[in-house]
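**Student:**
There are 2 protein chains.
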Amino acid sequence: MIQNSVGQRARARKQPLQPRAQKTVEAVIEATARILETQGHDGFTTNAVAERAGVSIGTLYQYFPNKEALLGALIARETALLVADAELAVAVTSGPAALDVLIGAAVAHQIRRPALARLLDFEESRMPLDADRQRVRGRFQAILASLLSRPDLPPQPDLHTAVMDVAAIIQGILDAAGERGETAREALMERVRRAVVGYLQTSPRPF
Amino acid sequence: MIQNSVGQRARARKQPLQPRAQKTVEAVIEATARILETQGHDGFTTNAVAERAGVSIGTLYQYFPNKEALLGALIARETALLVADAELAVAVTSGPAALDVLIGAAVAHQIRRPALARLLDFEESRMPLDADRQRVRGRFQAILASLLSRPDLPPQPDLHTAVMDVAAIIQGILDAAGERGETAREALMERVRRAVVGYLQTSPRPF
DNA sequence: CTATAATGCGAGCTTTCGCTCATCTTTGAC
DNA sequence: GTCAAAGATGAGCGAAAGCTCGCATTATAG
Chain A
42 MIQNSVGQRA RARKQPLQPR AQKTVEAVIE ATARILETQG HDGFTTNAVA ERAGVSIGTL
102 YQYFPNKEAL LGALIARETA LLVADAELAV AVTSGPAALD VLIGAAVAHQ IRRPALARLL
162 DFEESRMPLD ADRQRVRGRF QAILASLLSR PDLPPQPDLH TAVMDVAAII QGILDAAGER
222 GETAREALME RVRRAVVGYL QTSPRPF
Chain B
42 MIQNSVGQRA RARKQPLQPR AQKTVEAVIE ATARILETQG HDGFTTNAVA ERAGVSIGTL
102 YQYFPNKEAL LGALIARETA LLVADAELAV AVTSGPAALD VLIGAAVAHQ IRRPALARLL
162 DFEESRMPLD ADRQRVRGRF QAILASLLSR PDLPPQPDLH TAVMDVAAII QGILDAAGER
222 GETAREALME RVRRAVVGYL QTSPRPF
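From first to last, the protein sequence lines are chains A and B. The first sequence begins at 42 in our numbering and counts up one residue at a time. The second sequence begins at 42 in our numbering and counts up one residue at a time.
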């Protein structure tokens with residue numbers, strides 16, 4: 042689908058200037074989220090989003106050049122939320138405590154809207170990530186890298202790999218928990234903490 | 042899509058009896074895999090699969106009641122391969138060595154067809170898993186549970202949670218690595234081993 | 001060799017979906 | 001109050017996708 046993706050580059054649309062229009066844009070993005078949560082990717086059609094948002098299909102296309110842009114805007118909104126929380130970790134002096142803040146942010150993000158988090162993780166990975174998302178994702182990795190470099194945490198010889206792996210471990214546990222419908226925040230945090238800390242302080246062949 | 046999903050239950054199709062028909066079915070399943078790998082979920086259409094398999098669309102629908110059944114058959118085929126390899130682990134006497142065999146099977150499965158493994162992981166999770174897949178998935182968890190109960194591995198107070206988390210950790214690291222295009226088998230194994238072993242021998246609040 | 005079952009074919013029906021555009025309504029600056 | 005710009009509408013176009021069905025071809029039993 043995405044019919045105008047060939048030919049002219051998806052041209053920029055109107056910017057919402059008046060408050061009324063900003064409400065409209067916000068309603069459309071939130072409708073995208075709710076459709077994805079309830080109907081999944083199959084039910085995600087532009088007409089369904091417009092109806093759920095309470096606007097006409099024409100209005101939707103005044104602000105979003107195509108269906109993919111809806112996903113892009115939603116991903117940008119959600120990851121910005123997560124990164125904003127994660128940002129708080131860098132201000133914490135103790136290394137382990139800072140890591141806890143980061144993990145807490147990730148867990149909270151997952152618990153808040155589990156189905157959405159899972160789905161967007163996947164959609165994000167199969168979308169040519171534009172400048173915005175590239176930047177946000179890089180920011181999260183930068184925060185994690187700075188935490189893992191703290192002197193009161195186990196030193197990581199290969200920092201880049203450690204960042205990738207820790208991020209993957211967190212996401213893996215949280216997505217699986219979300220799929221199972223887990224909602225126990227503290228229990229989840231303990232398990233993520235255990236996995237991350239275990240990875241950081243272990244050398245590959247210990248037994 | 043999936044147009045006949047309402048009304049009568051997707052009726053069973055012909056079973057391939059002659060060798061010729063078995064070749065056809067195999068070709069269709071493999072075509073599904075290749076389409077998913079190269080075009081992704083968007084390019085996954087029944088017409089595309091039939092063309093890639095070198096059979097007509099009518100032939101395809103003689104053996105698969107609908108599009109979803111193609112995915113189901115492919116998932117069954119791939120997970121059966123993984124479980125067969127994992128099964129070898131239970132025969133190994135040493136606990137750590139057995140765990141190594143299991144991790145090796147998972148890594149090999151990921152390295153063999155990275156894009157496919159990632160995609161099917163996700164598709165599987167959003168599909169009402171039928172009896173077959175339920176059984177195969179359960180078998181993998183059973184193997185993992187039996188390994189984690191070995192006396193020469195750290196005892197797990199909550200075995201069920203440990204099984205879920207270890208599986209999620211393995212899948213998380215492997216999917217992320219596949220997304221980045223990693224192909225170094227031994228390096229990947231070391232990292233997965235590190236994460237799993239670290240989790241197993243760590244209690245939640247160690248620092 | 002013949003009859004019957006199994007397999008294979010593909011034009012095309014039906015439905016859905018992304019998206020446009022001509023038109024109408026609302027807002028706000030002067 | 002006027003008018004231009006911003007915002008909103010929704011019928012419907014064109015394309016594509018899932019799937020059927022009548023028929024042709026190939027294998028096998030007797």
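Heads up, the beta-carbon is just placed ideally off N, CA and C, and yes, glycines get one too.
Here's the rule I'm using: 16 or more other beta-carbon atoms within 10 Å means buried, otherwise exposed. How should B/I76 be labelled?
**Tutor:** buried
**Student:** For the 8 Å Cβ check, are there 3 or more pairs between the stretch 116–128 of chain A and the stretch 170–181 of chain A?
**Tutor:** The stretch 116–128 of chain A vs the stretch 170–181 of chain A: in contact.
**Student:** Restricting to Cα atoms, I'd like to know which of B/G136, B/L160 and B/P169 is closest to B/L185.
**Tutor:** B/G136
**Student:** Look at the alpha carbon of B/V148 and the alpha carbon of A/D83, and state the distance between them as a whole number of angstroms.
**Tutor:** 31 Å
**Student:** So A/Q242 and B/G213 are supposed to be a Cβ contact under 8 Å. How far apart are they, rounded?
**Tutor:** Actually they are not in contact, since the Cβ atoms of A/Q242 and B/G213 sit about 19 Å apart, beyond 8 Å.
**Student:** Taking B/G81 as the query, report the chain A residues whose CB atoms sit under 9 Å from its CB, ordered along the chain.
**Tutor:** R167
**Student:** Measuring only the C-alpha atoms, how far is A/A130 from B/T202?
**Tutor:** 28 Å
**Student:** Can you tell me the Cα-Cα spacing of B/L189 and B/E231, whole angstroms?
**Tutor:** Each residue's alpha carbon lies about 19 Å from the other.
**Student:** Can A/Q103 and A/R54 be called in contact, C-beta distance under 8 Å?
**Tutor:** yes
**Student:** Under 7 Å between beta-carbons, which chain A residues line up against B/T163? List them in chain order, please.
**Tutor:** A quick correction: the sequence has Phe, not Thr, at residue 163 of chain B. The answer, in chain order, is F163.
**Student:** Give the straight-line distance between the Cα atoms of A/M205 and A/R174, rounded to the nearest whole angstrom.
**Tutor:** 17 Å
**Student:** Run down chain A in chain order and give the residues with a C-beta less than 7 Å from the C-beta of B/Q212.
**Tutor:** G213
**Student:** Looking at the secondary structure, which residues open and close the alpha helix (DSSP H) in which B/G95 lies?
**Tutor:** Counting along the chain, B/G95 falls outside any alpha helix (DSSP H), and DSSP gives it neither H nor E.
**Student:** Going by DSSP, what residue range makes up the alpha helix (DSSP H) through A/G136?
**Tutor:** G136 to R153
**Student:** Hey, B/G219 and B/R159: beta-carbon distance below 8 Å or not?
**Tutor:** yes
**Student:** Contact criterion: CB-CB distance below 8 Å. Does A/V238 meet it with respect to chain B?
**Tutor:** yes
**Student:** Beta carbon of A/T120, beta carbon of A/V207: below 8 Å?
**Tutor:** no
**Student:** So is A/Q103 in contact with chain B if we call contact Cβ pairs under 8 Å?
**Tutor:** no
**Student:** Look at the Cβ atom of B/I116, then the Cβ atom of B/E165, and state whether they are nearer than 8 Å.
**Tutor:** yes
**Student:** If you draw a straight line from the alpha carbon of A/I70 to that of A/L101, how long is it in whole angstroms?
**Tutor:** 10 Å
**Student:** Does DSSP put B/G219 in a helix, in a strand, or in coil?
**Tutor:** helix
**Student:** Skipping 5 residues on each side, what residues in its chain have a beta carbon closer than 7 Å to that of A/P57?
**Tutor:** Q63, T65, V66 and Y104
**Student:** B/I210 and A/I210 look like a contact to me (Cβ under 8 Å); what is the Cβ gap, rounded to whole Å?
**Tutor:** 5 Å
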